[in-house]
Every structure is written in C-alpha cells, then in structure tokens.
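Residue numbers (the numbering used here): 867 to 1337.
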Amino acid sequence: MASFFDTLCASKVTSGTNSEENCHLDGASMPNLYDEAREMLGAVLIINIFADLRQIARETSLPIDNFNPPLSSNEMLSLINSNKAEICRRSCKNADLEEKLLVLKRLKWHTPSSSGFIKMVFGTKITSSHHLIRFEDVNAGKQRPHAILVNETQQSITVVFCGCVAQEDFKSDTGSDLVKVPNPVLNSSLKIPTIKLHTGFSEYLLKKNTSEEKCRLDCILQDLKDLLKKYPGYRVYFTGHSLGAALSTLCGFYAATHNDIIAVSGPIQIFSIASPLIGNRDFLLAFQCLEREGRLQHLRICKEEDMITLLPFETPKLRSPISLKGKCNLYMICGMQLLLTDKSETDSPYPYKLYFPQDQNGCEDYAEEVKTQFEGTTSSFKLLAANDFKKLMEHHSYKEYEMRLDFCKDALSHFTIDDLYHDKDITGNIMDKDYEPTTQSFGKIGKRLIQRSTKLMQKAVKDVARKHDQK
C-alpha cells in the first residue's frame, strides 16, 4: 500500500479544485475527499435514524403517513426533534441508535446556512437543501431499507442503503456462498460472460418480486432515471455502512453500466463505509473495466482493525482464481481502498493507507498482500475467538470511523477522488485506456500459493499478537 502523504510531499498530485479534469458536467469543481466522505457518513446516519423512527411509528400510535416522503431535511429533523423522548427512551435499549445520535452531533452534517443539522434536534431552526425523495422500507423486517436524497445546492442525488450492526448481520457477512450471474459489462477488452457475487447481496438487489416482476435494482435505477430528467447534470452517489455499504457498491456497479444514467450524471460515485467483500475476481475485473472507462469511482473506507471489511474469510481471497476446492471462489477488494489506521501506532503524520487492487501481481506481492490485510485485525480475531461480539463491533462502529476520518482531515481536504484515480503511483497502469486485464490460472501452483498464504496469514497473526503482548 502506498501512503498518499508521500505523494503529497512529492507534489505528484494536483488538487482537484484547480484541475480541469476534476470538473463535473456542469463545470463545477468536485468536492474534496474529506468533505465528501463526511457528507456520506452524515447521510447514512440520518437515514438510519429516520428508519428507526419509522419503525417506532409502526410499533406505536404515531401516524406513519407523517413520515412518508417527500420531506425536506428540516421536516425530517423536525420529526426527529418532536419524537426525541421516544427515540431517547429506545436508545437506552439500543446502543446503536444512541451512537448514531452522538456521532451526528460531532459530524455537524453541513448545510448552506448552519454548522450542523444536529442543532435542529436540540431545537434550533436551520435551513437546508437536502430533500428525502424516496424511502423504501415496506419489507424492513426482511430487506434493508434504502432512501434517495436530493441536494439542490450541491447538485447531487444520493442513494443510501441502511445497514445495521446486529449479530445476525455479522453472521450474514461471514457467509461465503457465491452465486453466478450474467456479467453486465461486456466489451472488447473484457470477455467474461459471468461474474460471482455474494449470494445474500445478490438476492437482495436482483431477485424479482413475484407480484411486480421487478427486482429492487430495477426500481432504484428507474427512480434515478426519473430524477435525472428533473435534475440533469446532478452527480449520483451511492453510500451505506456495513451491509448497506456492500449493497451500495453492488447497486452503484450496476448503475454504471446504464448509458442513459452516465450520459446525464457523469461517473457514478460510491462511498462505502465498513463494507464486507462482495464478489470474485471476475467481478473485480468487470468493476475495473467501468472505472477505466470513467463510468465509476469507488472510495472503499475501511478501518484497519475492522475484520468485517475482510469478510467473508472462509474462502481464500486476493490474487489466485483457484480456491482450495479448485473453483473460482475468491472474494476480492474492489475500488480505491482508504484504510484508516491507528494514529497512536504509526509514525506517519496522516494515519491512513491507500490501496488499489492489481490483477497482475506476482507471488511475492500476493504473499505480502495477505500479510498486510490481516496483520491489523489481530485484536479482532482474539475478540472473535472469545465470542466478545460487543467489543468486536466497536471496531466497526460509526463512532470509530468518524474519529478516524477526522484524524485525516488536513490531508484528505486537499484532494478529490478524481486525483486518486489519476495518480499512477496508486493505480499503476490499470486506468490506461489500452490496458488489457489478465486472468491468470495457476493450477497446482495456485493451490500451493493458497496454502502458503494461509500459513503466512497464521504466522502474521502470531507475530503481531506477540508484538502486541510485548508492549
């Protein structure tokens, strides 16, 4: 992984606010990376709180119609404010809900006229251009809700997927079953007819409703197309936390294959927070094909100690397309990974690392990647072994991600996601127009590589644990 601070010091990257390449369709400059990441975290939090509030309305005498969109952000916040007592009462039993409110207070989700919308929760009037256009939670008990926000000031449309940090979702994330689906990305440089996706994530988006003969993905994309007719040129974002982050990544991937969306909005922007892994090597190659064509950009925000971002771990990951059973059954990281590290345990002035997956790395690179991916999660493996789910989830929490992002404010405020994708020190040659992806087949060598990587992973875990105990 390369430190982006090194790039900053060497002046190899130009800030997006001064680069023509970083202008959107309407000529406006792209927001910086820090502001975008915080904005997306704020959107995820308010939608998750509103989902909790709607669930409260269903379980009590509150009229659910009062919570239906369209709603301005002030109207949403007014509903939260007027039901503070019920929310606070339930937060005593729901630490997750309490945490969301506290993180929102620190985030100060910015608006054109206020330092933060949390003031509304405490009774101070503010104005904002955020509008809730869609909230889909009819089957909230079986499917995670999603919402669509429009921000007329920032000229953006954001699809937010709700997630949660319940033990049931942790078990869902660790499941390693993959399902084969048609590859929506077919062109001269990528001749892969099918890709493999996490079964649960795939079914959520792609399984058709028997009554309507439509899947959740169809409905979301149609909503986007309708909104872009009203708001042409608006940037389209997908975001979520945990399970919601995985769904936002997968939905953004499919949205980027639709010419009638890209032609109006420009590249799809995905900001996933604490996402588990989604698909296999063929999915990665299809994903990178869209990135190379300028259709898709993805910032995958991870915390070093958060093992959920490495799940499913039951199946070997990373470089080889051959699993222990001889099948193409490996989960891969996709997008530009921003790994948030512990500021107290690093000499770097900016505690993060950037990583962009390569498809032609050699054996030594593969081994080093396995070691790097797992050495930061030793404490989490110990918690898992001890069945300490509560402490394990602290590494996965909104609070931890907000704090880690804040450590990086000075550095990330100088750059945009465009800057990262145009820096070859990070992406290598994968973004070159004439780049041809390579699918390697290692056979028996690949099996030995996996066996070697497993031993290396175990050694790395023991080494880091020993160093940790010696401190």
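Backbone N, C-alpha and C define an ideal beta-carbon position, used for all residues, glycine too.
Sub-8 Å separation of residue i and residue j beta-carbons
i	j	result
isoleucine 1167	alanine 903	yes
asparagine 898	histidine 1280	yes
asparagine 1053	cysteine 1155	yes
threonine 1175	alanine 1140	yes
isoleucine 930	arginine 920	yes
glutamate 1157	histidine 1261	no
lysine 1091	cysteine 1081	no
valine 1051	threonine 1123	yes
leucine 1109	arginine 972	no
leucine 1206	tyrosine 1221	no
lysine 1062	tyrosine 1264	no
methionine 1202	leucine 1286	yes
methionine 896	aspartate 1284	yes
lysine 1169	glutamate 1079	no
leucine 1015	alanine 909	yes
Spatially closest choice to residue i from the options, by CA coordinates
i	options	result
proline 1178	Ile1144, Arg1010, Leu1156, Leu1162	Ile1144
leucine 1151	Phe1027, Cys1200, His1280	Cys1200
aspartate 1272	Tyr1218, Arg1010, Glu1302	Tyr1218
leucine 1087	Pro1059, Leu1116, Asn898, Thr1065	Leu1116
leucine 937	Leu998, Arg1082, Gln1009	Leu998
valine 1025	Pro897, Leu1093, Val1130	Leu1093
methionine 1198	Asp1089, Glu1266, Pro1142, Arg1158	Pro1142
serine 1131	Phe1137, Arg920, Gly1160, Ile1061	Gly1160
proline 1133	Gln1203, Leu1162, Ser927	Leu1162
glutamate 952	Ile915, Met1297, Asp1043, Tyr1287	Ile915
proline 1303	Glu925, Lys950, Lys1057, Lys1073	Lys1057
leucine 907	Ile1014, His1107, Asp918	His1107
leucine 1196	Asp1043, Asn1017, Leu1090	Asp1043
leucine 1165	Arg1000, Ile1014, His1012, Thr1282	Thr1282
methionine 1297	Phe1153, Leu1205, Asp1276	Phe1153
serine 1114	Phe1137, Arg1101, Ile1127	Phe1137
lysine 1095	Pro1059, Ala1129, Asn1075	Ala1129
lysine 1049	Tyr1264, Phe1119, Asp1225	According to the sequence displayed, residue 1049 carries asparagine and not lysine. Comparing Cα positions, the closest option is Phe1119.
proline 1059	Pro1098, Val1047, Leu1220, Asp901	Val1047
tyrosine 1097	Ala1111, Leu970, Asn1017, Ile1061	Asn1017
alanine 1013	Leu911, Leu1278, Asp1285	Leu911
aspartate 1300	Tyr1287, Ser1055, Val1102, Ala1121	Ser1055
alanine 1111	Asn1146, Phe1067, Arg1101, Val1102	Phe1067
aspartate 1089	Thr1065, Glu1069, Asn1075, Ala1121	Ala1121
cysteine 1085	Cys1028, His1064, Asn1146, Arg1000	Arg1000
asparagine 1146	His1064, Ala917, Phe1027	His1064
asparagine 1173	Ser927, Met1259, Lys1290	The displayed chain sequence assigns methionine, not asparagine, to residue 1173. Comparing Cα positions, the closest option is Met1259.
glutamate 941	Val969, His996, Ala917	His996
lysine 950	Asn934, Tyr900, Asp918	Asp918
tyrosine 900	Asp1291, Cys1274, His1288	Cys1274
glutamate 1268	Leu970, His1288, Asn1075, Asp1225	Leu970
glutamate 1002	Lys1290, Phe1027, His1288	Phe1027
Identified DSSP bridge partners for residue i
i	result
methionine 1198	Gly1145
glutamine 1135	Tyr1103, Gln1163
lysine 1169	Leu1206
lysine 1219	Leu1205
valine 1025	Ile1014, Phe1104
glutamate 1302	Glutamate 1302 pairs with nothing; no bridge assigned.
leucine 998	Leu937, Leu1015
Residue i classed as buried or exposed, judged by whether at least 16 other C-beta atoms fall within 10 angstroms
i	result
cysteine 954	exposed
serine 948	exposed
serine 994	Unreliable positioning characterises serine 994 in this predicted model, as indicated by a pLDDT of 49, which lies under 50. The coordinate reading is nonetheless provided below. Buried is the call here.
arginine 1270	buried
proline 1223	buried
aspartate 1208	exposed
aspartate 1148	buried
serine 1022	buried
isoleucine 1188	Interpretation of isoleucine 1188 is limited by its pLDDT of 41, a score under 50 that renders its predicted location unreliable; no figure is taken from the coordinates.
aspartate 1126	exposed
serine 939	buried
glutamate 1180	With a pLDDT of only 44 at glutamate 1180, under 50, the local geometry of the prediction cannot be trusted, and no value is derived from it.
glutamate 925	exposed
arginine 1185	Because arginine 1185 carries a pLDDT of 41, less than 50, the predicted location of this residue cannot be relied on, and the following value inherits that uncertainty. Flag for arginine 1185 reads buried.
valine 1102	buried
valine 1004	exposed
threonine 1293	buried
Heavy atom of the ligand NAD within 7 Å of residue i beta-carbon
i	result
cysteine 954	Among the components modelled here there is no ligand, and therefore nothing to report on the ligand NAD.
Please give me, in chain order, every unbroken run of the alpha helix (DSSP H) with length at least 4 that falls completely inside the region 1042-1090.
Along the length of the region 1042-1090, whole alpha helix (DSSP H) runs at least 4 residues long occupy 1065-1072, reported in chain order.
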